[in-house]
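Protein chains in written order, with full-length UniProt numbering: chain A, 1 to 183; chain B, 1 to 183; chain C, 1 to 183; chain D, 1 to 183; chain E, 1 to 183; chain F, 1 to 183. Where a beta carbon is used, it is the ideal one built from N, C-alpha and C, also for glycine. Just so you know, these numbers come straight off a predicted model, no measurement behind them. Shown next, in C-alpha cells, is the structure this report addresses.
This is how it looks when you write it as C-alpha cells:
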C-alpha cells in the first residue's frame with residue numbers, strides 16, 4: 001500500500017478549504033468536507049427512498065464527487081466564468097499509483113455526466129445540501145438566501161430531489177427540536 | 001415523506017458542532033460532520049482494500065455513526081467520565097416516524113457492538129480520522145499530538161487499520177503536493 | 001499548596017469551551033468563562049440592589065456555578081434530554097486534595113438547590129446573562145432570540161431578577177453609548 | 001432602577017472586545033470578560049489561602065477592575081506608550097446615575113493604588129491570569145511566551161502570588177486530566 | 001538599510017489588529033490593513049476622477065494614514081472620548097532612523113490637517129471605505145448600519161466623495177455579479 | 001459615474017476572500033486585501049529607496065495587481081497546476097464601462113509582463129509580502145515556513161528586493177517593539 005497516506009492526507013485537505021460561494025452569499029460558512037458529508041447523507045436517505053438504486057454507488061459518488069478540489073480549489077459560480085478546470089488531470093493525480101482507486105475516477109466521471117439514476121440523485125443531493133444551508137440562514141434573518149433559492153430549486157432533476165426540496169423549504173431549520181418545546 | 005426535513009436539518013447540525021477533544025488537545029478544530037466525512041472516506045478506501053466486506057454497510061456505518069450527536073453532544077474522553085449518554089433514546093428520536101430509517105439505528109448499534117468485520121473497520125476508521133489530524137498538527141510543530149498518538153494507535157483492531165496507521169505516521173501531511181516540488 | 005495549579009488550569013478551560021446553546025440558536029457565541037463573568041457581575045449588581053444578601057456568597061456562587069463544566073462539558077437543553085450528568089463526582093474531582101476548596105462544592109450545591117435567597121438570585125443572574133445576549137442579537141436583526149426570550153423570562157424567580165429583565169428588554173443593547181450621540 | 005440596563009449592556013461589551021496583547025504575542029486569544037473571570041476566580045482562591053482578607057472586596061475588585069475598558073479600550077503595553085487614558089472619566093460615565101454603583105469606582109481606585117492587601121492580591125491575580133495563558137501556549141509549542149513570562153513573574157508582589165506562580169510554572173496546562181491517563 | 005525590517009514588521013501588524021468599531025456595530029469585521037487597502041483603492045479611483053490631483057500623494061496618504069495604529073491601537077468613537085493619543089510620537093518612533101521615511105510623517109500630518117485637496121479626498125475615502133462595509137451589512141439584513149450611515153455621509157466634504165456615496169448607497173453590494181445572473 | 005459602485009463593491013470582496021496558500025502552509029491566514037495592502041506599502045518603501053522609479057505607477061500596480069481575484073479566485077501553487085485562468089477577461093469585466101479604468105488593465109498587464117523596473121519591484125514586493133508572514137510564523141514556532149522560504153527568496157529579481165529580504169530574514173517579527181523592552 002504505497003501512496004495511500006498521500007491520498008488520505010490530500011482528501012483531508014477538504015476540511016481546511018472553505019466553499020467560496022458563502023463569501024458571495026455574505027452569510028454562513030462551510031468546508032468542502034462538510035458539504036460532502038451532507039451530500040453523502042442525503043444520498044444515504046435517497047437510497048432508502050428509492051430502493052432500486054445502487055446504494056453503494058450513490059453514496060460513494062457523493063462522498064468523492066469533490067475529492068479533486070484539494071488540487072483544483074473550490075470555484076464558485078463567478079470563479080467558474082474565468083477558469084477552465086482540468087478536473088480529469090486532478091483526479092488522475094489524486095489516484096496515481098493506487099490501482100484500486102480507479103473507482104474514484106469512474107464515480108466522478110459518472111457524477112459529472114449526470115446520466116444514470118445515481119448520478120442524477122447525487123447531483124440533486126449536491127444542490128439539496130446547499131439548500132439546507134440557505135434555508136437555515138433564511139430562517140435566521142439573512143436576506144441573500146431568498147434570491148439564491150429559486151436557482152437551486154430549478155437545478156433539481158429528480159422527483160425524489162424535488163420532493164425533498166418541498167419538505168426542506170416547508171420546515172424551519174430548528175423545528176426538529178423546537179417542535180413541541182415546553183418548560 | 002413526513003419528518004424527513006427534520007431529519008435532514010438535525011443531521012446538518014453536525015456541521016455546527018465542534019468535536020470537543022480539540023479544546024483539550026489545545027490545537028486544531030473539526031466539526032462532527034468533518035470527522036464523519038473523513039471516517040466515511042477512510043471506509044471507502046478500506047472497502048477497496050478488503051473486497052470481501054459489505055462496502056455499502058461499511059461506508060454507511062461510518063456516515064451515521066455519530067448521527068445522534070446533534071442530540072447528545074460530542075463528549076470527549078473527560079466528559080465521558082461524568083456523563084451517561086442515552087444514545088439509543090437519541091437515535092430513536094432521530095429516526096422517529098421514518099419507517100425506512102430503522103437502518104440508521106441498526107448501523108449505529110452494529111458500530112457500537114464492534115463485532116462484525118465492518119464494525120471493526122469502521123471503528124478503526126474513526127480512530128484513523130483523528131490520527132490524520134494529530135499527524136498534521138504534529139508535523140506543524142504542535143507538541144500535544146505526540147502524547148495522544150500512542151493511545152490512538154493502541155485502539156486499532158484490524159490489520160488494515162494498523163497498516164494504514166503505519167503509512168499515515170510515516171508520511172508528512174503535505175507530502176502529497178510537496179513531494180518533488182520545484183520551481 | 002499542591003494540586004492548586006491543576007485547579008487553576010482546569011478552571012481556565014472554561015475559556016476554551018463554548019456554550020453549546022448558541023449553535024442551536026444559530027447566532028452569537030460565548031465561552032463558559034464569559035458567561036460566568038457576566039453572571040458574577042450581575043450578582044455584584046444584585047448585591048447592591050438587595051443589601052441584605054450575603055454578597056460574598058452570591059458573587060462567589062455565580063463565579064463557580066459552572067466550574068465543573070470543564071469535566072462535564074456544557075450541555076444545552078437538547079443535550080440534557082439524553083445525558084445524565086454526574087456533577088457531584090465532577091465537583092469532587094475538581095476540588096480533590098484541596099481542603100479549602102470544599103467551599104466550591106458547597107456553593108455549587110446551594111446554587112443547584114435554589115432555595116436560599118442567594119441561590120435564587122444567582123439562578124436568575126444565570127438567566128439574565130443569557131437574556132443580555134439574546135437582546136443584543138435580537139436588536140441586531142437575528143430572528144431566533146424572539147422565540148427564546150419568553151422561556152428565559154419565565155424562569156426568573158425573584159422580583160429583583162424580574163425587574164432587571166424588564167429593564168434589559170426595554171433597552172437597546174447599544175444605548176449606553178448611542179444615547180445622545182451627535183457629531 | 002434607571003440606567004441599570006445600560007450598565008449591564010456596557011459591561012457585557014467586555015465579551016466582544018479582545019485583549020490586544022495577544023496580537024503582539026502572536027498566539028492565543030482572550031476577551032476582556034474571560035480575563036476578568038479568570039482574575040476573579042484567582043481571587044476567590046487567594047481569599048481561601050489568606051483567610052484574613054476581605055474576600056468580598058477582593059473578588060469584586062477583580063471582577064470590575066477592567067470594567068471601564070468598554071469605553072477606554074484594552075490598551076496593551078505598546079499602546080500605553082502613546083495613549084493617556086482618562087479612566088476616572090470612563091468609570092464616572094460607567095456608573096453615572098446609579099447611586100449604589102459608586103462602589104465600582106472605589107474598587108477600581110483601590111485596585112489602581114495597589115496599596116491594600118486586597119489590591120495587591122488582585123493585581124497579582126491580574127498577572128497570574130495572563131501567566132496561565134502563557135504557560136498553556138508555551139506547553140503547546142509557541143515560542144513567544146518564553147520571553148514574556150519573566151516579566152510577568154517580576155510584577156508579582158505578594159507571597160501568595162509568587163507561590164501560585166511557582167505552582168503554575170511547574171505544572172503542565174493539561175496535567176489536571178492527563179495525569180494518570182490510561183486506557 | 002537598517003531598521004527597515006522593523007518598519008515592515010511594524011506595519012504588517014495592521015493585519016493582526018481589527019478595527020474596534022465593528023464590535024460596537026455588532027456586525028462585520030475588518031483589520032486595519034484591510035481598511036487601508038480599501039481607502040487606498042478608493043483614492044486610486046478618485047485620482048482618475050480628478051486628474052488634477054497629485055495621484056501619488058493621494059494614494060500614498062491613504063496607504064499610510066493609519067500606519068501609526070500598530071503603536072497607538074485603533075480607537076473607535078467611544079474610545080476616543082477617553083484617550084488622548086500622541087500620534088506624532090508614534091509616527092516619530094515608526095520612522096525613527098529611516099531618513100527617507102520622513103515622507104510618512106508628512107503625509108499623515110497633511111491627512112490630519114485635511115486642508116489640501118488630496119487630504120480632503122483621502123479623508124472622504126476613509127469614510128467611503130466604512131460606507132462600503134455598512135452598505136454590505138445593511139443589504140444582508142443587519143439593523144445597526146442604518147443608524148450609522150447618516151453620520152458617515154455627513155462627514156464627507158468633497159463633491160467627488162459625495163457623488164461616490166450616492167452611487168454606493170444606490171447599489172446593492174452584490175450587484176456587480178448578480179446583475180443579469182441567469183442559469 | 002455609472003458602474004463605479006459595482007467596481008468598488010467588487011474590489012472590496014478581496015477582504016472577504018482568503019489567500020488559499022495558507023491552508024496548504026498549515027499556519028496563518030490573510031485576506032487578498034491584506035496582501036495587497038502589504039504589497040503596496042512595500043512598494044511605497046521601495047519607491048523611496050529607488051528615487052528613479054515612477055512611484056505612482058509602482059504603488060498603484062501593487063494596489064491593483066490582484067484586483068481580478070474577486071472574479072478569478074485566489075489560486076495557490078497547486079490550484080494553478082489544474083486551472084487555466086482567463087485573467088484578461090476578468091480584468092475586462094472588472095473595468096467594463098468605466099473609461100478611466102483602462103489604467104487598471106494596463107497596470108495588471110505590466111505587472112504580469114514583469115519587464116519594467118516598476119513591474120520587477122512590484123513582483124518582488126508580492127513575494128516580500130509573503131516573506132514577512134512566513135518569517136513571523138517561523139519566529140512563532142511553526143515548522144512549515146522553513147521549507148517555503150527558500151523558494152520565496154529565489155523568486156526575487158531586484159537588488160532592492162534581495163536586500164530587503166536579507167533584512168527581513170535577519171530580524172525577528174516583534175523586534176520593532178521588543179528591542180530594548182524593560183520594566
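Proximal chain C residues relative to residue 124(E), where beta-carbon distance stays under 8 Å: Simply none; closest approach about 15 Å.
Please identify, using Cβ separations under 8 Å, the residues of the region 138-154 of chain B that lie next to chain D, in order along the chain. 141, 142, 143, 144, 147, 151, 154
Please state whether the Cβ-Cβ distance between residue 132(A) and residue 153(A) is less than 9 Å. no
Just reading off the alpha helix (DSSP H) that residue 39(D) is part of, what are its end residues? 32-49
If you follow the alpha helix (DSSP H) that residue 78(D) is in, where does it begin and where does it stop? 77-82
Out of 49(B), 102(B), 99(B), which has the shortest C-alpha to C-alpha gap to residue 100(A)? 49(B)
Between the beta-carbon of residue 151(F) and the beta-carbon of residue 8(E), is there less than 9 Å? no
Given 8 Å as the limit, is there contact between the region 65-85 of chain A and the region 8-17 of chain A, that is, 3 or more CB pairs closer than that? yes
Quick test of the definition: if touching needs 3 or more C-beta pairs under 8 Å, does the region 116-132 of chain B touch the region 158-165 of chain B? yes
For residue 142(C), I'd like the list of residues in its chain whose CB is within less than 7 Å of its CB, leaving aside the five on either flank, ordered along the chain. 27
Please report how far the alpha carbon of residue 32(E) lies from the alpha carbon of residue 61(E), in whole angstroms. 15 Å
Going along chain A in order, which residues have a C-beta closer than 9 Å to the C-beta of residue 175(B)? 5, 6, 9
Can you pull the chain A neighbours of residue 183(E), defined as C-beta to C-beta under 8 Å? 151, 154, 155
Taking the alpha-carbon positions, what's the residue 114(E) to residue 176(B) distance? 54 Å
Whole-angstrom distance between residue 138(D) and residue 146(D), CA atom to CA atom: 7 Å
Where does residue 91(A) fall in DSSP's three states? helix
If the cut is a Cβ gap below 8 Å, which residues of chain F does residue 17(A) touch? 20, 23
Quick check: is the beta carbon of residue 27(E) nearer than 9 Å to any beta carbon in chain C? yes
Give the straight-line distance between the Cα atoms of residue 22(A) and residue 18(B), rounded to the nearest whole angstrom. 19 Å
Would you mind giving the Cβ-Cβ distance between residue 202(A) and residue 4(A), rounded to the nearest angstrom? I have them listed as a contact below 8 Å. With chain A covering 1 to 183 only, the question about residue 202(A) has no answer from this structure.
Checking the sheet assignment: what are the DSSP bridge partners for residue 18(D)? 31(D)
With the cut-off set at 9 Å, would you say residue 78(C) and residue 36(C) are in Cβ contact? no
Supposed close pair residue 53(C), residue 157(C) - CB separation, criterion 8 Å: The Cβ separation is near 14 Å, so there is no contact.
On the DSSP letters alone, give me the boundaries of the alpha helix (DSSP H) that residue 139(A) sits inside. 117-139
For residue 6(F), count neighbouring Cβ atoms within 10 angstroms of its own Cβ and tell me buried if that reaches 16, exposed if not. buried
Taking the CB atoms as reference points, tell me whether residue 173(C) and residue 128(C) lie closer together than 9 Å. no
Could you have a look at residue 53(A) and say whether DSSP puts it in helix, strand or coil? coil
So is residue 84(B) buried or exposed if we call it buried at 16+ other beta carbons inside 10 Å? exposed
For the region 38-56 of chain F, enumerate the residues whose C-beta is nearer than 8 Å to any C-beta of chain E, in chain order. 38, 40, 41, 42, 44, 45, 48, 49, 55, 56
Given a threshold of 16 other Cβ atoms within 10 Å of its Cβ, counted over all protein chains shown, does residue 57(C) qualify as buried or as exposed? buried
I'd like the list of long-range same chain contacts for residue 160(F), defined as Cβ closer than 8 Å, with 5 residues on each side in sequence excluded. 46, 49, 50, 121, 124
If you follow the alpha helix (DSSP H) that residue 176(F) is part of, which residue opens it and which one closes it? 175-178
Starting from residue 70(E), trace the alpha helix (DSSP H) both ways and give me its first and last residue. 69-72
Per-residue burial, residue 135(C) [other beta carbons within 10 Å of its own, 16 or more giving buried]: buried
Please check if any C-beta of chain C sits within less than 9 Å of the C-beta of residue 78(E). yes
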